[in-house]
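Q:
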Amino acid sequence: MTCVYYSFKPLNFIQSVFLLLCFSSPHICHIGEREIEKREREREGEREMTITNSREIENGGSKGIQDLEEPFLEHTNKVAESENEETNKASLSVGMVLFSTCVAVCGSFEFGSCVGYSAPAQSAIREDLNLTLAQYSMFGSIVTIGAMIGAITSGRIADSIGRKGAMRMSAAFCIAGWLAVYLSLGALLLDMGRFLTGYGIGIFSFVVPVFIAEIAPKNLRGGLTTLNQLMIVTGSSLAFLMGTVLSWRTLAITGVVPCIVLLIGLFFIPESPRWLAKVGREKEFEVALRRLRGKDANVTEEAAEIMAYIQSLKDNSDAKLLDLFDSKYIRSVIIAVGLMIFQQIGGINGVGFYASQTFVAAGMSSGNVGTIAYALIQVPITVVGALLMDRSGRRPLLMVSATGTFLGCFLTGTAFLLEGQTLLLEWVPTLAVSGVLIYIASFSIGMGAVPWVIMSEIFPIHIKGLAGSLVVLVNWLGAWAVSYTFNFLMSWSSTGTFFVFSGSCALTALFVAKVVPETKGKTLEEIQSSINS
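Taking my numbering, the leading residue of the sequence shown gets 35, the next gets one more, and so forth.
#1: Enumerate in chain order the residues of its own chain whose CB-to-CB distance from residue 149 is below 7 Å, with the five nearest sequence positions on each side excluded.
#2: What residues in its chain sit with their C-beta under 7 Å from that of residue 292, if we drop five residues either side in the sequence?
#3: According to the neighbour-count rule (16 or more other Cβ atoms, all chains shown, within 10 Å of its Cβ), is residue 17 buried or exposed?
#4: Only counting the same chain, and skipping five residues up and downstream in sequence, which positions put a Cβ closer than 8 Å to that of residue 359?
#5: Just checking: is the beta-carbon of residue 355 within a distance shorter than 9 Å of some beta-carbon in chain D?
#6: How big is the Cα-Cα spacing for residue 363 and residue 494?
#7: Identify which residue in 524, 517, 477 has its Cα closest to the Cα of residue 451.
#8: Measuring CB to CB, does residue 155 end up less than 9 Å from residue 282?
#9: Compute the distance between the beta-carbons of residue 470 and residue 236, then report whether it is under 9 Å.
#10: How many Å lie between residue 569 and residue 136 at the Cα?
#11: Am I right that residue 519 and residue 473 are in contact with their C-beta atoms under 8 Å? What's the rounded C-beta distance?
#12: Buried or exposed for residue 329, please, with buried defined as at least 16 other CB atoms from any protein chain shown within 10 angstroms of its CB.
#13: Compare the Cα-Cα distances from residue 181 to each of 131, 213, 232, 162 and report the closest residue.
#14: Excluding five sequence neighbours on each side, which residues of the same chain lie with their C-beta closer than 6 Å to the C-beta of residue 208?
#15: Ends of the alpha helix (DSSP H) at residue 170?
#16: Residue 455 by DSSP, collapsed to three states: which one?
#17: Please state whether the Cβ-Cβ distance between residue 461 and residue 243 is less than 9 Å.
#18: Determine, using beta-carbon pairs with one atom in the segment 324 to 343 and one in the segment 191 to 205, whether at least three such pairs fall under 8 Å.
#19: Have a look at residue 345 and residue 316 and give me their C-alpha separation to the nearest angstrom.
#20: Residue 553 to residue 421, Cα distance in whole Å?
#21: Excluding sequence positions up to five away, which residues of its chain have a Cβ less than 7 Å from the Cβ of residue 412?
#22: Taking the alpha carbon of residue 255 as the point to measure from, which residue in 513, 540, 490, 499 has its own alpha carbon closest?
#23: In the DSSP assignment, find the alpha helix (DSSP H) that holds residue 494 and state where it starts and stops.
#24: Hey, residue 159 and residue 216 are a contact pair by Cβ (cut 8 Å); roughly how many whole angstroms apart?
#25: Using a threshold of 9 Å, state whether the C-beta atoms of residue 192 and residue 499 are closer than that.
#26: Short check: CB of residue 340 to CB of residue 134, under 9 Å?
#27: Spatial neighbours of residue 565 within its chain, please: CB distance less than 7 Å, with the 5 preceding and 5 following residues excluded, ordered by chain position.
#28: The alpha helix (DSSP H) spanning residue 584 covers which residue range?
#29: Could you check how far apart the C-beta atoms of residue 299 and residue 212 are, in whole angstroms? I think they sit under 8 Å.
#30: Give me the Cα-Cα distance between residue 510 and residue 482, rounded to the nearest whole angstrom.
#31: At the level of alpha carbons, what is the spacing between residue 531 and residue 430?
#32: Rounded to whole angstroms, how far is the Cβ of residue 538 from the Cβ of residue 376, which I believe are closer than 8 Å?
#33: According to DSSP, is residue 465 helix, strand or coil?
#34: Assuming residue 448 contacts residue 465 under a Cβ cut-off of 8 Å, what Cβ separation, rounded to an integer in Å, is found between them?
#35: Contact defined as beta carbons within less than 8 Å: I believe residue 372 pairs with residue 549. What is the distance between those atoms, to the nearest angstrom?
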């Protein structure tokens, strides 16, 4: 048997099988033999030509083989080139999107640094400035008031001056606030600085997840938006750790660093393409989208989809507060507001702010061990949530998270119940610490980040600013209410407090199962059209 070798690029399995069938199929060979015999009978003189052609086949010179081989190999080359182009485009896209996300989450890190500042600085500030407990309590709580006002205005600001403009403005407020804290000699300037940082993080809490959701491709959007929550807990934990070795004034100056990094980084990243399309800056929209997807990427289809959706909303550009309760948008409002309410009434701010106190109340000699474990567990579990966000989806993470927080609160409540009944006292501290750690781990993997992800996805862009402001305001109000009432609830009944929280977590699971849609793997336009149709 003669072996014929052809010089071409390696083929994959399917293509190899195809060629093998073409060259070695008995059916094809039999057809060729009959044709040759017929020609020999009709014209004896053509035998010589047939032999010549056969020799050409053996030498790879047959035009027939070339006709079969060359288009096939050409197609193979095109497929390979196409795959390489897609790989290059994906690399370019992910590179710029990741860089833009890293710049934006400096605002999230600033958020965490601000929230985590007051706890380690409390004793030193009170001693240096001779503050009463009431004065320091005002310093600790006024950040929430500033954040509420920032939340109210965040949507309008982001819609008016853009997502990057809102982040610049927020960073400026935070820098001014930290400098005021650093230079303060009394309660007035201290409170003013704390209020300004609160206002800044109120804006950050809205604009950062929205910006990330608007620039990210659909297959990465969930995980990248989760980085917002990851950097919040990282900033908070780092502020707590640095506060043990730095003075309160030096710790205040460290809060300026992420703002400066953010302001510098904003010069090198594009504005949100969807916001540019909304305000009619079409040329800048195309440039921004191409920078995010890669200069050689074909963005025609995505750009057309975004522009078509923007055009469909053109008549609704001036959204009012009452428009949020229109039948087209009420489901989105219920989903986002509901998730924020359930995030807070599950007790996260009460449990988080008073973890050490809770461990001591459960019978531990010191709450430090439990508090350190609490701080260390947040970051890795949030990373796990970010990795699973675009694989398992939003709803499964929320269901697992709500179930876990229910179990954690139930175990902690059971520990206090046993303590009250003087039963199994040696197990009470272990049960309480286990319950709180299960609670925080479960919260970190889903309920901490996913509500912010969904909030940034489900609102049409013409009402996103207004709706986002409402949602963030509800979140901050809930945070204040739970942190304010936690001590009163614990004084009433430690057992009852955690059983109430566990009941809220059970309701969260029911709400997610019945109301919250899955948004994984869909463009923002597809999500909003399906929810608001």
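All residues carry an ideal CB built from backbone N, CA and C; glycine is no exception.
A: Answer, in terms of the structure:
#1: Here residue 149 corresponds to residue number 115 of the sequence shown, with the count starting at 1. So the qualifying residues of the chain are 270.
#2: Taking the sequence shown and counting its residues from 1, one reaches residue 292 at position 258. The beta carbon of residue 292 is closer than 7 Å to those of 140, 143, 144, 147 in its chain, skipping five residues each way along the sequence.
#3: Nothing in the structure corresponds to residue 17, since the chain is present only between 35 and 567.
#4: Numbered from its first residue, the sequence shown carries residue 359 at position 325. The residues 367, in chain order, have a CB closer than 8 Å to that of residue 359 in the same chain once the five nearest residues on each side in sequence are set aside.
#5: Chain labels in this structure do not include chain D; a single protein chain is all it has.
#6: For the purposes of this step, residue 363 is taken as residue 329 along the sequence shown, with counting starting at 1. For the purposes of this step, residue 494 is taken as residue 460 along the sequence shown, with counting starting at 1. Taking the straight line from one Cα to the other gives about 9 Å.
#7: Here residue 451 refers to the residue found at position 417 of the sequence shown. Of the candidates 524, 517, 477, 524 places its Cα closest to the Cα of residue 451.
#8: Position 121 of the sequence shown, counted from the first residue, corresponds to residue 155. Position 248 of the sequence shown, counted from the first residue, corresponds to residue 282. At a Cβ-Cβ threshold of 9 Å, residue 155 and residue 282 count as neighbours.
#9: Taking the sequence shown and counting its residues from 1, the one referred to as residue 470 is at position 436. Taking the sequence shown and counting its residues from 1, the one referred to as residue 236 is at position 202. Contact flag unset, no.
#10: In the structure as shown, the chain begins at 35 and stops at 567. Residue 569 is therefore absent and cannot be evaluated.
#11: To locate residue 519, count along the sequence shown from 1; it is residue 485. To locate residue 473, count along the sequence shown from 1; it is residue 439. Contact doesn't hold; Cβ gap of about 18 Å is too wide.
#12: In the sequence shown, the residue the question calls residue 329 occupies position 295. Classification for residue 329: exposed.
#13: For this step, residue 181 is matched to residue 147 along the sequence shown. Minimum Cα distance to residue 181 is reached at 232.
#14: Position 174 of the sequence shown, counted from the start, is the residue given in the question as residue 208. Cβ neighbours of residue 208 beyond the five flanking positions: 144, 231, 234, 293.
#15: Here residue 170 refers to the residue found at position 136 of the sequence shown. Element bounds for residue 170: 167 to 217.
#16: Counting from 1 along the sequence shown, the entry for residue 455 is found at position 421. Coil at residue 455, not helix or strand.
#17: The residue given as residue 461 occupies position 427 in the sequence shown. The residue given as residue 243 occupies position 209 in the sequence shown. Their beta carbons are not under 9 Å apart, which means residue 461 does not touch residue 243 by this criterion.
#18: No, the segment 324 to 343 does not touch the segment 191 to 205.
#19: Reading the sequence shown from its first residue, position 311 is the one you call residue 345. Reading the sequence shown from its first residue, position 282 is the one you call residue 316. A direct Cα-Cα distance of roughly 12 Å separates residue 345 from residue 316.
#20: Translated into positions along the sequence shown, residue 553 becomes position 519. Translated into positions along the sequence shown, residue 421 becomes position 387. Approximately 16 Å, taken between the alpha carbons.
#21: Position 378 of the sequence shown, counted from the first residue, corresponds to residue 412. Same-chain partners within the cutoff: 267, 271, 474, 478.
#22: Within the sequence shown, residue 255 is the residue found at index 221, counting from 1. The shortest CA-to-CA distance from residue 255 to any of 513, 540, 490, 499 is the one to 490.
#23: Here the question's residue 494 lines up with position 460 in the sequence shown. Taken as a continuous stretch (DSSP letters only), residue 494 belongs to no alpha helix (DSSP H), as it is neither H nor E.
#24: Here the question's residue 159 lines up with position 125 in the sequence shown. Here the question's residue 216 lines up with position 182 in the sequence shown. The beta-carbon separation of residue 159 and residue 216, rounded to 12 Å, does not stay under the 8 Å limit for a contact.
#25: Locating residue 192 in the sequence shown gives position 158, counting from the first residue. Locating residue 499 in the sequence shown gives position 465, counting from the first residue. Yes; because the gap between Cβ atoms is below 9 Å, this pair is in contact.
#26: For this step, residue 340 is matched to residue 306 along the sequence shown. For this step, residue 134 is matched to residue 100 along the sequence shown. Residue 340 places its beta carbon 9 Å or farther from that of residue 134.
#27: Taking the first residue of the sequence shown as position 1, residue 565 is located at position 531. The answer, listed in chain order, is 365, 366, 492, 551.
#28: Absent from the structure is residue 584, since the part of the chain shown begins at 35 and ends at 567.
#29: For the purposes of this step, residue 299 is taken as residue 265 along the sequence shown, with counting starting at 1. For the purposes of this step, residue 212 is taken as residue 178 along the sequence shown, with counting starting at 1. Distance from residue 299 to residue 212 at the Cβ level is roughly 18 Å; contact not present, criterion being Cβ atoms closer than 8 Å.
#30: Working through the sequence shown from its first residue, we reach residue 510 at position 476. Working through the sequence shown from its first residue, we reach residue 482 at position 448. Taken atom to atom, the span from the alpha-carbon of residue 510 to that of residue 482 is near 14 Å.
#31: Against the sequence shown, residue 531 aligns to sequence position 497. Against the sequence shown, residue 430 aligns to sequence position 396. One Cα belongs to residue 531, the other to residue 430, and the distance between them is close to 27 Å.
#32: Here the question's residue 538 lines up with position 504 in the sequence shown. Here the question's residue 376 lines up with position 342 in the sequence shown. Sure, about 7 Å apart at Cβ, within 8 Å.
#33: For the purposes of this step, residue 465 is identified with residue 431 of the sequence shown, where counting begins at 1. Of the three classes helix, strand and coil, the one that applies to residue 465 here is helix, per DSSP.
#34: On the sequence shown, position 414 is the one that residue 448 refers to. On the sequence shown, position 431 is the one that residue 465 refers to. Rounded, the Cβ-Cβ distance is 6 Å, consistent with contact.
#35: The count along the sequence shown starts at 1 and reaches residue 372 at position 338. The count along the sequence shown starts at 1 and reaches residue 549 at position 515. Confirmed, Cβ separation roughly 7 Å.
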